[in-house]
Amino acid sequence: KQEVTQIPAALSVPEGENLVLNCSFTDSAIYNLQWFRQDPGKGLTSLLLIQSSQREQTSGRLNASLDKSSGRSTLYIAASQPGDSATYLCAVSGRDDKIIFGKGTRLHILP
Amino acid sequence: DAGITQSPRYKITETGRQVTLMCHQTWSHSYMFWYRQDLGHGLRLIYYSAAADITDKGEVPDGYVVSRSKTENFPLTLESATRSQTSVYFCASSEPAGLAGAVGTQYFGPGTRLTVL
Chain A
1 KQEVTQIPAA LSVPEGENLV LNCSFTDSAI YNLQWFRQDP GKGLTSLLLI
51 QSSQREQTSG RLNASLDKSS GRSTLYIAAS QPGDSATYLC AVSGRDDKII
101 FGKGTRLHIL P
Chain B
1 DAGITQSPRY KITETGRQVT LMCHQTWSHS YMFWYRQDLG HGLRLIYYSA
51 AADITDKGEV PDGYVVSRSK TENFPLTLES ATRSQTSVYF CASSEPAGLA
101 GAVGTQYFGP GTRLTVL
């Protein structure tokens, strides 16, 4: 059974720092991995989707990498800003179309 | 251009009542999903649909029923609500992506906060 883990559960960093969020999964037979952000009381917003054949995707200050063989993905945020404060979730999609989410990392950027 | 909408946004009901949560998307995406989000459990998949008239169970389907007679609608029914079904429910949609036609980028609705007394 696929399990997705995100560590740490919470993270506080000063504004302007670069940071890395981690996501690990137990079954490497995935089709893709997606990163989302969720603001309090809101729905999820897709940030990046990495296909299993890809190693990374970039969007603005965000870069997501995928190492399928080791069951890991990272989300790199460059030059963090207070507006980046949110909960970040990763989700994997397997052969059965079922989507499994991690529990998220709550990020707080200190002004 | 509404995208994906959910109704109602808030609902209070009593144990044993039937409740239907609505989800509507304007993109004609083939995939649709229902999740529940609870403290300590995160987001869990309840049911999903790869196309109209095709539905399948997710991780926590017990106590829920879905249907998808039209591509744009995916209602979720709690046949006899229980207190353990108090949660925030999210609907999402997606088009297939990649060579395998697997689930692509998911777009989420704003959620329905359901309280069962």
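Keeping their order, the protein sequence lines are chains A and B.
With this note's numbering, letter number 74 in the first sequence gets 74, and the count goes up by one each step, no holes.
With this note's numbering, letter number 92 in the second sequence gets 92, and the count goes up by one each step, no holes.
Beta carbons: idealized from backbone N, C-alpha and C, even for Gly.
Where the region 42 to 54 of chain B meets chain A: residues whose CB sits under 9 Å from a CB there | Per Cβ criterion, the list reads G42, L43, R44, L45, Y48 and A50.
Inter-residue Cα distance where the pair is E15(A) and H108(A) | Answer to the nearest angstrom: the Cα atoms are 9 Å apart.
For D56(B) and Y47(B), believed in contact at Cβ under 8 Å, the rounded distance | Indeed they touch by this definition, with Cβ atoms about 7 Å apart.
Scan the region 47 to 101 of chain B and note each continuous beta strand (DSSP E) run of 3 residues or more that stays entirely inside, going in chain order.
-> Within the region 47 to 101 of chain B, the complete beta strand (DSSP E) runs of at least 3 residues are 54 to 57, 64 to 66, 76 to 78 and 87 to 97.
At which residues does the beta strand (DSSP E) containing W27(B) begin and terminate?
-> For W27(B), there is no enclosing beta strand (DSSP E), as DSSP marks it with neither H nor E.
Continuous beta strand (DSSP E) stretch holding D67(A): start and end = According to the DSSP assignment, D67(A) belongs to the beta strand (DSSP E) that extends over L62 to D67.
Under 8 Å by beta carbon: chain B residues contacting N32(A) = Residues of chain B with a Cβ closer than 8 Å to the Cβ of N32(A) are, in chain order, A97, G98, A102, V103 and G104.
Starting from the C-beta of S69(A), find all residues in its chain whose C-beta is less than 8 Å away, skip the five residues before and the five after it, and write them out in chain order.
-> Contacts found: S28.
Anticipated Cβ contact below 8 Å, Q25(B) with G3(B), distance rounded | Indeed, because the Cβ distance is near 7 Å, the residues count as touching under 8 Å.
Alpha carbon to alpha carbon, how far is R9(B) from T77(B)?
-> One C-alpha to the other measures close to 15 Å.
Within the 7 Å Cβ cut-off, does F74(B) reach chain A?
-> Closer than 7 Å: no.
Who are the neighbours of Y107(B) on chain A, taking C-beta pairs under 8 Å?
-> By Cβ distance, chain A contributes S46.
Does DSSP classify G16(A) as helix, strand or coil?
-> Residue state, collapsed to three classes: coil.
Meets three-Cβ-pair contact criterion under 8 Å: the region 77 to 89 of chain A and the region 61 to 73 of chain B = No: the two stretches stay apart, fewer than three of their Cβ pairs being nearer than 8 Å.
Since D97(A) meets chain B, which of its residues come closer than 7 Å, beta carbon to beta carbon?
-> In chain order: Y48, A50, A102 and V103.
Who are the near neighbours of T87(A) in its chain, counting only those whose CB is closer than 6 Å to its CB and skipping five residues on each side?
-> Q38, G104 and R106, listed in sequence order.
To the nearest angstrom, how far is it from the Cα of N32(A) to the Cα of T105(B)?
-> So the alpha carbons of these two residues sit roughly 9 Å apart.
For a contact meaning CB atoms closer than 8 Å, what does P128(B) contact in chain A?
-> Absent from the structure is residue 128(B), since the part of chain B shown begins at 1 and ends at 117.
Residues from the region 56 to 80 of chain B in contact with chain A, defined by Cβ distance under 8 Å | For the region 56 to 80 of chain B, residues whose beta-carbon sits nearer than 8 Å to a beta-carbon of chain A comprise D56, G58 and E59.
Cβ of F101(A) within 7 Å of any chain B Cβ | With 7 Å as the cut-off, F101(A) counts as an interface residue toward chain B.
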